[in-house]
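As numbered in my numbering, the sequence shown has no gaps in its residue numbers, which increase by one up to the final residue, 1450.
Remarks on the structure that follows.
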Amino acid sequence: MGGAVLVTGGTGTLGRIVVRRAAAEGGEVRLLSRRAAPAAAPQGVRWCTADLVSGEGLDAAMEGVSVVVHCASDPRRPASDLTAVRQLIEAARRVGGVHLVYISIVGVDRLPFGYYRVKRQVEELIEGSGLPWTVLRTTQFHDLPAQVFRALAKLPLVMPVPSGISVQPLAAEEVADRLVALAGGEPAGRVADMGGPRVIPGAEMARGYLRAVGKRRLLLPVPVFGASARGFRQGLHLSPERAVGSGTWEQYLAALKP
Ligand SMILES: NC(=O)c1ccc[n+]([C@@H]2O[C@H](COP(=O)([O-])OP(=O)(O)OC[C@H]3O[C@@H](n4cnc5c(N)ncnc54)[C@H](OP(=O)(O)O)[C@@H]3O)[C@@H](O)[C@H]2O)c1
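This is the structure we're talking about:
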């Protein structure tokens, strides 16, 4: 591999697992975050404080790096992901020959959903960067529907669930393992998508979640409208032909604390 591996978004749901697993492989691992290093930073990892949007701290973080696993994203301000990847590409060019490994989402080229459109544009910028690159698209991690259900379950008595939408949730640990393997290999371009083991109707997932956290709610199917919702109902975010993940929703729920 040569130089260090830099994980952007190394404090996030996925990135923090990538950092841990990459560190376990040996070699120098750096974690990029906007935050200052905590008193107890992950062991064997060099913490680099940098902001991908302003570019502050980025060149120092990139010095001697041969691979970047780009997990940073800000779905609440999607346009900032474009600025961030442009900054990253420029910094990688200054270092020279840096392999960019990017985590994307199944369906970014098919769904007219704002955040997905930006993810596709980020892919295009990486593909056209002239740098060596690898892009992996996956379905949703278990944590995402769990976060949505946690928020929806705050209402008393009823829990609204978008009707007609299924999810194919995937263990973030398995995605992290795949990214670490890709980071250790040759640049591979777009690699095969990764989907969770099973496509599960949203209502079934919601019932499982409520059981796991010991709450009782009446499920309220809510129709959702618009082109994005239609795309999600059609399953354009799913990859049943690539159901390669093994960690199940039920296993994830079993580990949740009520
Ligand atoms: N969640 C899913 O189901 C799913 C499925 C497929 C693909 N993905 C993709 O996987 C990636 C990671 O998702 P996640 O759910 O793990 O994300 P997350 O938990 O929201 O973490 C996002 C990370 O981005 C960092 N970040 C945001 N803005 C930044 C900036 N300006 N400069 C530097 N760092 C910045 C944050 O770090 P600090 O706050 O520490 O700076 C944070 O660690 C995203 O690209 C997402 O699209 C997610």
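Ideal Cβ placement from N, Cα and C applies to all residues, glycine included.
The straight-line gap separating the alpha-carbon atoms of Val1416 and Ile1357 is approximately 9 Å. Cβ-Cβ distances below 6 Å link Leu1223 to Val1199, Gly1202, Val1211, Val1237, Trp1239 in the same chain, with the five nearest sequence neighbours on each side left out; the list follows chain order. Leu1344 sits in a helix when the DSSP states are folded into three classes. For ligand 1, no non-hydrogen atom lies closer than 7 Å to the CB of Val1405. By the criterion of a C-beta distance shorter than 7 Å, Leu1349 is surrounded in its chain by Arg1409, Leu1410, once the five residues flanking it on both sides are discounted. Counting other Cβ atoms within 10 Å of its Cβ, Ser1438 stays below 16 and is therefore classed as exposed. Distances between the C-beta of Thr1205 and the heavy atoms of ligand 1 include at least one below 7 Å.
The three-state reading of DSSP puts Thr1203 in coil, since its state is none of H, G, I, E or B.
For Asp1266, the shortest C-beta to heavy atom distance toward ligand 1 is below 7 Å.
Counting along the chain, the unbroken beta strand (DSSP E) around Ile1295 starts and ends at 1291-1297. The stretch 1313-1331 makes contact with the stretch 1386-1398, as at least three CB pairs between them are under 8 Å. A distance below 7 Å between beta-carbons, with the five flanking residues on each side excluded, links Gly1195 to the following residues of its chain, in chain order: Gly1256, Val1257, Ser1258.
Judged by their CB atoms, His1334 and Val1293 are not nearer to each other than the 8 Å cut-off. Per the C-alpha coordinates, the member of Val1300, Leu1250, Pro1267, Arg1226 positioned closest to Arg1278 is Leu1250. Per the Cβ contact rule, the stretch 1365-1381 is not in contact with the stretch 1392-1411 (fewer than 3 Cβ pairs under 8 Å). Taking non-hydrogen atoms of ligand 1 into account, the C-beta of Cys1240 is found less than 7 Å away from none of them. Comparing alpha-carbon positions, the option among Leu1344, Val1405, Val1391, Ile1392 lying closest to Leu1412 turns out to be Leu1344.
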